[in-house]
Amino acid sequence: MSAETHAVFNQSPPFADVNLVAADAPLRGALAGQGAEADLPALLAFGAAWGASDWLELGRLANENPPRLHTHDAQGRRLDAVAFHPAYHALMEASVGDGLHSARAAGGHLARGARLYVAAGVECGHLCPLTMTNAAAAALAAAPGHLAAWEGRLTARTYDPRFRPWFEKAGVTLGMGMTEKQGGTDVRANTTRAEPEGEGYGLTGHKWFLSAPMSDGFLVLAQAPGGLTCFLVPRHRPDGSINALRLQRLKDKLGNRSNASSEVEFAGAFGWRVGEEGRGVPTIIGMVQLTRLDCALASAGLSRMALALALHHARHRRAFGRPLVGQPAMRAVLADLALEVEAQTALAMRLAASFDRGEADRTRLLTPAVKYAVCKGAPALIAEAMECLGGNGYVEESPLPRLYREAPVNAIWEGSGNVMALDVLRAAHRAPEAADAVVAGLVAETAGLPGTRDAASEIGAALRASDAEARARLATGRLATLAAAAALAACAPPAVAQAYAATRLARERGPFGTNAIDAATDLLLERALPES
């Protein structure tokens, strides 16, 4: 006979069955500020579906049951296939059905970006193959014939996980294989060889990371006779036989556990050339720009979910006779987190809109800066949100540990912080007049917010300094902060934009909860999550 030792009370209810868009005024404001109000009804339906308790449970299950590699079948034949939990397939089917794999299918980069931001807070790992599939068209533009052959399947809203030749499927996904053991970011050090072979090439070598190995094809960099070249490598050869991609193992990663990342050996694998020999990096860079956009969108979505969980808990949990959200110190932290999330959201959505508008100078300079700032900011923000829940936020029954483990990958993938800062520097040096015009435009868009002109001067001085490489991170961070202030000026209440500029541009931001945003506190908390 057991005795009841305690009653469970003063615990926050689960954060579930919430419309993730209706509860997110900053997201709706960011879309309105970019003229995308017409998409709101469909996006509200998306937010209701993805905030349902059953859908949130799929995110948990997909990560608690990571993919498994099967190198051989029962008879000993090479199989090189990865098995996923049904929850992963359910998430993929829904995301493909909503167009997250294709900006064209979703109605543009902004419409797709808003959905990706929402989905990332629910389950981020399955978005990896969707990101690469969306971005692949930019690289395949260098091979119009292959783009025409694949494009209908790449944009179809049909998820087909069968291990079949791509030309037998209604919908397909694409992955990437760029880095090798000895080179990492320095892809020009790649040793994988590509030799002309019939209508294509035979690839021999290895990739330290092959992302989403169950994709139907991969964009791969390899050394052709004319130098480093981009190739489209299908999982199945043109005759329908399995291509010679030998999966060595799946990476045991810190986070992103629902998604399979692998090491692979190419044993004479068949591939088609994409672009000219020796032009591999320029060919694939357009794809990289779009994957960097997704890194920023997903990181902003992770931050948003962490904030919602922290504020939800603080509204229901009582301490010392009143709700946590009524405690001045906690209230200051939550409002500061909300201000940062507002800025990340506005900044990422404005960047997505820039791709829709064809603002080439802006996307060239700001994409690495936005990725740098948002992706590097997410882990610290999520850690602070976890602290708002205390021990409840640290245990695995909470979604926050998964968000926290997921957050660093976007700062690493597609170029770490130094790479982003050097890309900003390279863009500014290659087209200085265009870079100056972008910065001047940001200052004009801030409408006189505090600190903007000084920030612009600081950015210019850092980019032109004799030690510009050493100061590239400073310039990149300030550039992103200036762009965030400009985005907020266009879409947020004036008090929010004013608070951000005063605490991030006019002075260096202190730890969360120490920045003077008192006048905007109530507004920020209400916008972050309406009281239920």
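In my numbering, the protein residues as written are 154 to 685. Positions of the beta carbon are idealized from the N, C-alpha and C atoms, including for glycine.
Exercise. Is it right to say residue 409 is buried, meaning 16 or more other beta carbons lie within 10 angstroms of its own, or is it exposed?
Worked result: Counting from 1 along the sequence shown, the entry for residue 409 is found at position 256. Answer is buried; the Cβ neighbour count reaches 16.
Exercise. Whole-angstrom Cβ separation of residue 279 and residue 163, contact assumed at under 8 Å?
Worked result: As a first step, residue 279 is located in the sequence shown; it is residue number 126 there, counting from the start. As a first step, residue 163 is located in the sequence shown; it is residue number 10 there, counting from the start. Not really, about 35 Å apart at Cβ, beyond 8 Å.
Exercise. Over what stretch of residues does the alpha helix (DSSP H) that includes residue 508 continue unbroken?
Worked result: Position 355 of the sequence shown holds residue 508. Start and end: 481–510.
Exercise. Taking DSSP as the reference, what is the three-state secondary structure of residue 199?
Worked result: The sequence position of residue 199 within the sequence shown is 46, counting from 1. In the structure shown, residue 199 sits in a helix (DSSP, three-state: H, G or I).
Exercise. According to DSSP, is residue 305 helix, strand or coil?
Worked result: For the purposes of this step, residue 305 is identified with residue 152 of the sequence shown, where counting begins at 1. Three-state DSSP puts residue 305 in a helix.
Exercise. Can you list, in chain order, the residues of its chain whose CB lies under 7 Å from that of residue 214, leaving out five sequence neighbours each side?
Worked result: To locate residue 214, count along the sequence shown from 1; it is residue 61. If we look at residue 214 and ignore the five residues flanking it on each side, its Cβ neighbours are 238 and 240.
For this session: Kindly list the residues whose CB is nearer than 6 Å to the CB of residue 522, restricted to its own chain and excluding five residues on each side of it in sequence; keep chain order.
Result: The residue given as residue 522 occupies position 369 in the sequence shown. Same-chain partners within the cutoff: 577, 629, 632 and 633.
For this session: Can you give me the Cβ contacts of residue 262 inside the same chain, cut-off strictly under 6 Å, excluding the 5 residues immediately before and after it?
Result: Stepping through the sequence shown from its first residue, residue 262 is reached at position 109. Around residue 262: 256, 505, 508 and 509.
Exercise. What are the boundary residues of the beta strand (DSSP E) that residue 350 is part of?
Worked result: In the sequence shown, counting from the first residue as 1, residue 350 sits at position 197. Looking at the DSSP string, the run of the beta strand (DSSP E) that includes residue 350 is 346–350.
For this session: Could you check what DSSP says for residue 406 in three-state terms: helix, strand or coil?
Result: Here residue 406 refers to the residue found at position 253 when the sequence shown is read from its first residue. Three-state DSSP puts residue 406 in coil, outside helix and strand.
Problem set entry | CB contact flag (residue 403, residue 222, <7 Å) | Start at 1 with the first residue of the sequence shown, and residue 403 comes out as number 250. Start at 1 with the first residue of the sequence shown, and residue 222 comes out as number 69. Cβ distance < 7 Å, so residue 403 and residue 222 count as in contact.
Problem set entry | residue 373 versus residue 364: straight-line alpha-carbon distance, rounded | Locating residue 373 in the sequence shown gives position 220, where the first residue counts as 1. Locating residue 364 in the sequence shown gives position 211, where the first residue counts as 1. For residue 373 and residue 364, the distance between alpha carbons rounds to 11 Å.
Exercise. Are there 16 or more other CB atoms within 10 angstroms of the CB of residue 438, so buried, or fewer, so exposed?
Worked result: As a working mapping, residue 438 is identified with position 285 in the sequence shown. The residue in question, residue 438, is exposed, as its Cβ has fewer than 16 Cβ neighbours within 10 Å.
Exercise. What distance in whole Å lies between the Cβ atoms of residue 187 and residue 457, which are believed to be in contact at a cut-off of 8 Å?
Worked result: Position 304 of the sequence shown, counting from 1, holds the residue named residue 457. Position 34 of the sequence shown, counting from 1, holds the residue named residue 187. The Cβ separation is near 17 Å, so there is no contact.
For this session: Using beta-carbon positions only, say whether residue 338 and residue 572 come within less than 7 Å of one another.
Result: As a position in the sequence shown, residue 338 is number 185, starting the count at 1. As a position in the sequence shown, residue 572 is number 419, starting the count at 1. Cβ atoms of residue 338 and residue 572: closer than 7 Å.
Exercise. Taking Cβ positions, are residue 434 and residue 295 nearer each other than 7 Å?
Worked result: Reading the sequence shown from its first residue, position 281 is the one you call residue 434. Reading the sequence shown from its first residue, position 142 is the one you call residue 295. In this structure, residue 295 does not lie closer than 7 Å to residue 434 by Cβ.
Exercise. What three-state label does DSSP hand residue 372 in the structure shown?
Worked result: Along the sequence shown, read from residue 1 onward, the residue named residue 372 stands at position 219. Three-state result, residue 372: strand.
Problem set entry | Neighbour-count burial assignment, residue 492, 16 or more Cβ in a 10 Å radius | Numbered from 1 along the sequence shown, position 339 holds the residue referred to as residue 492. Under this definition residue 492 is a buried residue.
For this session: Check whether the stretch 541–558 touches the stretch 384–404, counting contact only when three or more Cβ pairs, one atom from each stretch, lie closer than 8 Å.
Result: no
Problem set entry | alpha helix (DSSP H) segment containing residue 594, residue limits | Here residue 594 corresponds to residue number 441 of the sequence shown, with the count starting at 1. First-last of the alpha helix (DSSP H) with residue 594: 585–598.
Exercise. Short check: CB of residue 353 to CB of residue 305, under 7 Å?
Worked result: Walking along the sequence shown from the start, residue 353 turns up at place 200. Walking along the sequence shown from the start, residue 305 turns up at place 152. For residue 353 and residue 305, no; Cβs fall outside 7 Å.
Problem set entry | Closest Cα partner of residue 217 within the set 253, 645, 391 and 555 | On the sequence shown, position 64 is the one that residue 217 refers to. Minimum Cα distance to residue 217 is reached at 555.
Problem set entry | Any 3 or more C-beta pairs closer than 8 Å across the stretch 179–195 and the stretch 639–653 | yes
Exercise. By the 10 Å Cβ neighbour count, where 16 or more other Cβ atoms means buried, how is residue 284 classified, buried or exposed?
Worked result: Along the sequence shown, one-based indexing puts residue 284 at 131. Residue 284 should be labelled buried.
Exercise. Which one of 233, 167, 419 and 431 has the shortest CA to CA distance from residue 377?
Worked result: The residue given as residue 377 occupies position 224 in the sequence shown. That would be 431, whose Cα lies nearest to the Cα of residue 377.
For this session: Tell me, to the nearest whole angstrom, how far the beta carbon of residue 534 is from that of residue 459; I am working on the premise that it is less than 8 Å.
Result: Residue numbering aside, residue 534 sits at position 381 when the sequence shown is read from its first letter. Residue numbering aside, residue 459 sits at position 306 when the sequence shown is read from its first letter. So it is a contact: roughly 7 Å between Cβ atoms.
Exercise. Does the beta-carbon of residue 612 have 16 or more other beta-carbons within 10 angstroms, so that it is buried, or is it exposed?
Worked result: For the purposes of this step, residue 612 is taken as residue 459 along the sequence shown, with counting starting at 1. Buried is the call here.
Exercise. Under the three-state reduction of DSSP, which class applies to residue 161: helix, strand or coil?
Worked result: Start at 1 with the first residue of the sequence shown, and residue 161 comes out as number 8. The answer is coil: DSSP assigns residue 161 none of H, G, I, E or B.
Problem set entry | Unbroken alpha helix (DSSP H) run spanning residue 330, endpoints | Mapped onto the sequence shown, residue 330 falls at position 177. Where residue 330 is concerned, there is no enclosing alpha helix (DSSP H), although the beta strand (DSSP E) it sits in stretches over 327–330.
For this session: Compare the C-beta of residue 199 against all C-beta atoms of chain B and say whether one is closer than 7 Å.
Result: The structure shown contains no chain B, having only a single protein chain.
For this session: Assign residue 335 to one of three DSSP states: helix, strand, or coil.
Result: Here residue 335 refers to the residue found at position 182 of the sequence shown. Note: residue 335 maps to coil in three-state DSSP.
Exercise. Among residues of its own chain, excluding the 5 on either side of residue 266, which ones have a beta-carbon nearer than 6 Å to its beta-carbon?
Worked result: Taking the sequence shown and counting its residues from 1, one reaches residue 266 at position 113. Once the five neighbours on either side are set aside, the close Cβ partners of residue 266 are 450 and 505.
Problem set entry | residue 597 versus residue 303: straight-line alpha-carbon distance, rounded | Reading the sequence shown from its first residue, position 444 is the one you call residue 597. Reading the sequence shown from its first residue, position 150 is the one you call residue 303. About 43 Å.
Exercise. Identify the residues that DSSP records as bridge partners of residue 95: which are they?
Worked result: Outside the shown range of the chain, which is 154 to 685, sits residue 95, and nothing can be said about it.
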